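In this note's numbering, the protein residues as written are 11 to 158.
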């Protein structure tokens, strides 16, 4: 949770330097979704999600990453912070992966479930490596869900 809060703070700071209305809108949406993902009632503690609410965290972060990626990929954009945005995406992706890993490590489910969760985790890693962040987050969410 702390790493995500750090990313959120940095995006908010970056937002203050952006003047293009379309770019600002994308950053505002990313901020809104990332803020929602940090809703305290969705978290057990700083590294575990509540089973009844956890999927919402992944969904909100998927939306935040989508807006960040759109900002970076927009050919009409006047935004020149691509490497910075990629760093934010990477940190969000790593945080989502960690949520799945912690859930798998703490799971008391049968070995077949753990195997399946690890397979989803690996699929997420593959999608992430190929720049398919939305699919990667879905796989991390699936791994988390299987393990919880």
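Heads up, the beta-carbon is just placed ideally off N, CA and C, and yes, glycines get one too. Since the model is a prediction, treat every value here as computed from it, not as a measurement.
Sheet register partners of residue i (DSSP bridge)
| i | result |
| --- | --- |
| residue 55 | 58 |
CA nearest to the CA of residue i, picked from the options
| i | options | result |
| --- | --- | --- |
| residue 35 | 81, 63, 46 | 81 |
| residue 124 | 134, 137, 110, 135 | 110 |
| residue 102 | 132, 27, 48, 118 | 48 |
| residue 58 | 25, 15, 106 | 106 |
| residue 98 | 155, 77, 154, 136 | 77 |
| residue 114 | 154, 41, 147 | 154 |
| residue 84 | 130, 30, 147, 54 | 30 |
| residue 44 | 55, 62, 28, 66 | 66 |
| residue 100 | 22, 41, 70, 147 | 147 |
Range covered by the alpha helix (DSSP H) that runs through residue i
| i | result |
| --- | --- |
| residue 167 | Nothing in the structure corresponds to residue 167, since the chain is present only between 11 and 158. |
| residue 63 | Note, residue 63: premise wrong, no alpha helix (DSSP H); not H, not E. |
| residue 49 | That residue, residue 49, is in no alpha helix (DSSP H); it is neither H nor E in DSSP. |
Exposed unless 16 or more other CB atoms sit within 10 angstroms - verdict on residue i
| i | result |
| --- | --- |
| residue 158 | buried |
| residue 108 | exposed |
| residue 152 | buried |
| residue 120 | exposed |
| residue 64 | buried |
| residue 92 | exposed |
| residue 141 | exposed |
| residue 19 | exposed |
| residue 104 | exposed |
Ranges of the beta strand (DSSP E) found wholly within the stretch 113-156, counting only runs of at least 3: Qualifying beta strand (DSSP E) stretches: none in this window.
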